[in-house]
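Trainee: Got a structure here, written out as structure tokens. Questions coming.
There are 2 protein chains.
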Amino acid sequence: LDAPAMEAARRRQAELTKPAGSLGVLEDASVRLAGIHGTCPPPYPDEFVVAVFAADHGVVASGVTPWPQEVTGAMVENFRRGGAAVNVLAAEAGGTVVVVDIGVVGDVDEDAVVWSRKVRRGTADLAHGPAMSRTEAEQAIEVGIGVAAELVDAGYGVIATGDMGIGNTTASACLVAHFTGLPAEEVTGPGTGVDDATLKHKTDLVAGAVGRLAEDADPIDVLAEVGGLEHAGLVGLVLGAASRRVPVVLDGVIAGAAALVVRALAPDAVDHCFAGHRSTEPGHHAALALLGLRPLVELDLRLGEGTGAALAFPLVRASAAVLRDMATFDDAGIGS
Amino acid sequence: LDAPAMEAARRRQAELTKPAGSLGVLEDASVRLAGIHGTCPPPYPDEFVVAVFAADHGVVASGVTPWPQEVTGAMVENFRRGGAAVNVLAAEAGGTVVVVDIGVVGDVDEDAVVWSRKVRRGTADLAHGPAMSRTEAEQAIEVGIGVAAELVDAGYGVIATGDMGIGNTTASACLVAHFTGLPAEEVTGPGTGVDDATLKHKTDLVAGAVGRLAEDADPIDVLAEVGGLEHAGLVGLVLGAASRRVPVVLDGVIAGAAALVVRALAPDAVDHCFAGHRSTEPGHHAALALLGLRPLVELDLRLGEGTGAALAFPLVRASAAVLRDMATFDDAGIGS
């Protein structure tokens with residue numbers, strides 16, 4: 016991040032007609048925006064997009080969720096028609112939704128909303144071996160980098176992460192357990208809803224899969240062994256956006272798990288991220304703590320799709336508006 | 016609140032294409048909106064307004080803040096010109112700001128933005144006796160009721176509370192201490208910023224003033240003894256909006272303290288309120304706990320003016336959009 020622009024933003028915040036620091040986290044957000052863009056005030060983000068990476072997970076065969084795998088593809092169609100929560104919440108905030116099929120099992124048509132970037136038809140069951148090959152993980156990261164480039168070229172000033180994939184909180188828990196070093200029990204949660212017996216089974220499965228990983232394993236090997244195709248896509252999305260100095264608003268535990276991979280590969284890229292929200296999933300708490308990101312929204316969401324990031328976007332934009340539009344004490348003729 | 020409309024909202028939330036309950040507090044907000052309006056889905060609030068009640072406080076003579084009293088009037092002019100944080104944040108969310116001079120010491124011109132409703136030129140110093148007479152407190156409540164009626168008649172679907180008044184966290188601490196029964200040390204905070212010695216002095220002053228009140232004192236007598244004119248105005252605003260079934264988004268500790276008076280007068284009116292945010296002021300935590308309201312935004316704000324309520328409005332509106340616009344499982348052809 017650009018230190019002089021951040022210092023300029025801090026100075027400007029102190030000159031605006033309010034007690035210093037009284038806008039709390041919103042002031043911090045404005046400083047981060049200035050640092051990402053390298054200018055103060057940073058550009059006001061008129062346009063934002065939620066990039067929803069959709070993929071299936073072989074681990075559903077091991078019984079980690081009551082939802083059938085077909086729901087992933089059905090929800091992609093729901094996104095296409097604009098009926099899902101992320102469509103409604105993105106539209107509320109003036110944003111656009113793009114869906115990237117990076118690994119749905121079934122066939123998915125391409126159009127302006129749904130982009131076909133399938134790397135493979137779902138992962139293998141991570142309970143029994145690698146979810147994908149290292150080459151496939153690298154391909155999925157490249158997809159994400161490419162999607163970021165296309166979205167930046169299309170003029171979006173902020174990119175929010177989204178995800179859809181039945182079974183993806185299991186893969187997320189594996190990534191969080193590995194990168195935080197916390198035991199599976201502390202980072203495995205009910206996801207969108209499982210009973211106690213299933214949660215116990217899911218936790219044991221996570222512990223077993225993470226146990227196959229060396230502590231110092233290469234981050235991309237970790238992603239290939241226990242991650243998901245949408246996690247890999249999101250890793251690329253963050254790397255690609257950061258390389259273009261475009262802010263990313265992370266959604267929930269899936270994005271948080273992907274950001275831990277980013278942190279292991281290129282820690283500076285995480286500085287380009289805002290934590291949109293904190294979900295109820297325990298692994299998300301652990302991920303945000305390690306990432307050092309404070310969530311903007313805490314409303315007990317556990318849906319995913321990018322819903323928390325979409326709700327947070329107005330807060331990020333508001334932080335830019337404060338720097339651009341508020342009067343200073345001098346403007347207002349008030350001694351500070 | 017209308018129980019059948021709330022039940023209809025809960026049923027509808029369960030039919031939408033997401034795991035039940037996965038939108039957390041946003042679902043609760045949509046149910047409250049349905050209950051306030053008595054319909055499901057509740058009307059989508061296109062227009063909202065922040066009503067900023069401005070008044071001065073005689074207690075500043077007792078040295079509770081480093082800010083001179085003239086700042087209240089200067090900030091009213093800043094609101095008029097659109098340069099304050101609440102102007103910027105309300106505009107971001109598509110809202111309008113109205114300022115009600117209910118007791119600024121100096122002369123304030125009236126126009127479309129600033130409404131002249133002065134009850135008296137600031138309160139008396141509550142450290143040494145009643146801040147105002149009971150009649151004045153009642154007049155100020157009537158002003159608030161009238162403002163609510165005018166705003167509802169003008170078509171605003173949601174009213175957010177705002178406030179401006181140098182010294183008003185001291186009066187707020189008195190109200191919170193009285194209504195919660197907590198000691199002054201637990202509910203008195205630094206406000207917009209005082210040093211340790213001033214905080215100690217402020218706390219002692221609060222304890223002394225609250226000590227003059229009988230535990231079972233009439234709520235309006237409490238308001239007159241230790242409150243502010245803007246607190247009384249906000250009491251009226253909430254009562255007036257609730258009587259018209261219009262939701263109120265409360266801002267910070269000043270609104271929270273006023274809502275405690277509302278709770279003592281007409282507990283059902285509090286059900287028409289959303290807690291926009293939770294400020295860093297300890298009295299606000301205590302007030303929200305007693306009110307039973309969960310804050311929508313928690314970003315360490317301590318500015319007031321209505322800034323937290325303005326930031327929260329998009330979340331309230333989003334909750335209405337979810338009920339109105341999301342597809343059901345039936346619509347999407349997904350078995351739930």
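As given, the protein sequences belong to chains A and B, one line each in that order. So the number in the numbering used here is just where the residue sits in the first sequence, counting from 1, plus 15. So the number in the numbering used here is just where the residue sits in the second sequence, counting from 1, plus 15. The beta-carbon is built from N, C-alpha and C at its ideal position, and this holds for glycine as well.
1. Does the Cβ of R26(B) have 16 or more other Cβ atoms within 10 Å, making it buried, or fewer, making it exposed?
2. Taking only the alpha-carbon atoms, compute the straight-line gap between L280(B) and V250(A) and give it to the nearest angstrom.
3. On the three-state DSSP scale, how would you describe M147(A)?
4. Kindly list the residues whose CB is nearer than 8 Å to the CB of V225(A), restricted to its own chain and excluding five residues on each side of it in sequence; keep chain order.
5. Is the beta carbon of T87(B) sitting closer than 7 Å to the one on G180(B)?
6. Assign P83(A) to buried or exposed, taking buried as 16 or more other Cβ atoms, counted over all protein chains shown, within 10 Å of its Cβ.
7. Hey, how far is the Cα of E151(B) from the Cα of E296(B)?
8. Give the residues from the region 81-100 of chain B that approach chain A closer than 9 Å (Cβ to any Cβ), ordered along the chain.
9. Could you check whether the Cβ of A333(B) sits closer than 7 Å to any Cβ belonging to chain A?
10. Is the Cβ of D315(B) closer than 7 Å to any Cβ of chain A?
11. What would DSSP say about I174(B), mapped onto helix, strand or coil?
12. If we call anything under 7 Å between Cβ atoms a contact, is N93(A) one with A155(B)?
13. Mind checking which residues open and close the beta strand (DSSP E) that includes C288(A)?
14. Less than 8 Å between the CB atoms is what I'm expecting for A69(B) and A325(B), so what's the real figure, rounded?
15. Can you list the residues of chain A that E107(B) reaches, using a CB-CB cut of under 8 Å?
16. List, from N- to C-terminal side, the beta strand (DSSP E) runs of 3 residues or more that fit wholly inside the region 29-98 of chain A.
17. Got a sec: which bits of the region 31-55 of chain B sit with their beta carbon under 7 Å from any beta carbon on chain A, in order along the chain?
18. Just to make sure I have the definition right: I need the residues of chain B whose C-beta is within less than 9 Å of the C-beta of A347(A). Which are they?
19. Report the residue from V119(B), T343(B), R317(B) whose alpha carbon sits nearest the alpha carbon of E30(B).
20. Contact criterion: CB-CB distance below 7 Å. Does V103(B) meet it with respect to chain A?
21. Ends of the alpha helix (DSSP H) at V1(B)?
22. Taking a Cβ distance cut-off of 9 Å, strictly less, list which residues of the region 206-227 of chain B are near chain A, in chain order.
23. Given a threshold of 16 other Cβ atoms within 10 Å of its Cβ, counted over all protein chains shown, does E42(A) qualify as buried or as exposed?
24. With I269(A) as the anchor, note down where its alpha helix (DSSP H) starts and where it stops.
25. Going by the DSSP bridge assignment, what does T343(A) pair with across the sheet?
26. Out of D315(B), L316(B), P282(B), which one is the CA nearest neighbour of G307(B)?
27. On the three-pair Cβ rule with 8 Å, is the region 55-66 of chain B touching the region 314-329 of chain B?
Mentor: Reading from the atomic positions:
1. Around the Cβ of R26(B), a 10 Å sphere holds fewer than 16 other Cβ atoms; the residue is exposed.
2. Approximately 55 Å, taken between the alpha carbons.
3. The DSSP-derived three-state label of M147(A) is coil.
4. Within the same chain, and ignoring the five residues on either side of V225(A) in sequence, the residues whose Cβ sits closer than 8 Å to its Cβ are C189, A192, H193, A199, V241.
5. Going by C-beta atoms, T87(B) is nearer than 7 Å to G180(B).
6. P83(A) is exposed by the Cβ-count criterion.
7. If I take the Cα positions, the gap works out to 28 Å.
8. If you check each beta-carbon in the region 81-100 of chain B against every beta-carbon of chain A, the ones closer than 9 Å belong to W82, P83, E85, V86, A89, M90, E92, N93, R96, G97, G98, A99, A100.
9. Under the 7 Å criterion on CB atoms, A333(B) is classed as interfacial with respect to chain A.
10. Yes, D315(B) counts as interfacial toward chain A.
11. Strand, per DSSP.
12. Taking 7 Å as the Cβ cut-off, N93(A) and A155(B) do not qualify as a contacting pair.
13. Membership of C288(A) in the beta strand (DSSP E) is indicated by the continuous run 288-290.
14. Wrong, their Cβ atoms sit about 16 Å apart, outside the cutoff.
15. What E107(B) touches in chain A: P329, R332, A333, A336.
16. DSSP runs (the beta strand (DSSP E)) wholly in the region 29-98 of chain A: 63-70.
17. Cβ contacts with chain A come from T32, K33, P34, S37, L38, G39, V40, L41.
18. Listed by position along chain B, the residues whose Cβ is nearer than 9 Å to that of A347(A) are A89, M90, E92, N93, R96, G98, A99.
19. Of the listed residues, the one whose Cα sits closest to E30(B) is T343(B).
20. Output row for V103(B): interface = yes.
21. With chain B covering only 16 through 351, there is no way to say anything about residue 1(B).
22. Those would be G206, T207, G208, in chain order.
23. With 16 or more other Cβ atoms within 10 Å, it is buried.
24. Unbroken alpha helix (DSSP H) run through I269(A): 268-280.
25. Note: T343(A) sits in a beta bridge opposite L31(A).
26. When only C-alpha atoms are compared, the closest one is P282(B).
27. Cβ pair count under 8 Å is three or more, so yes.
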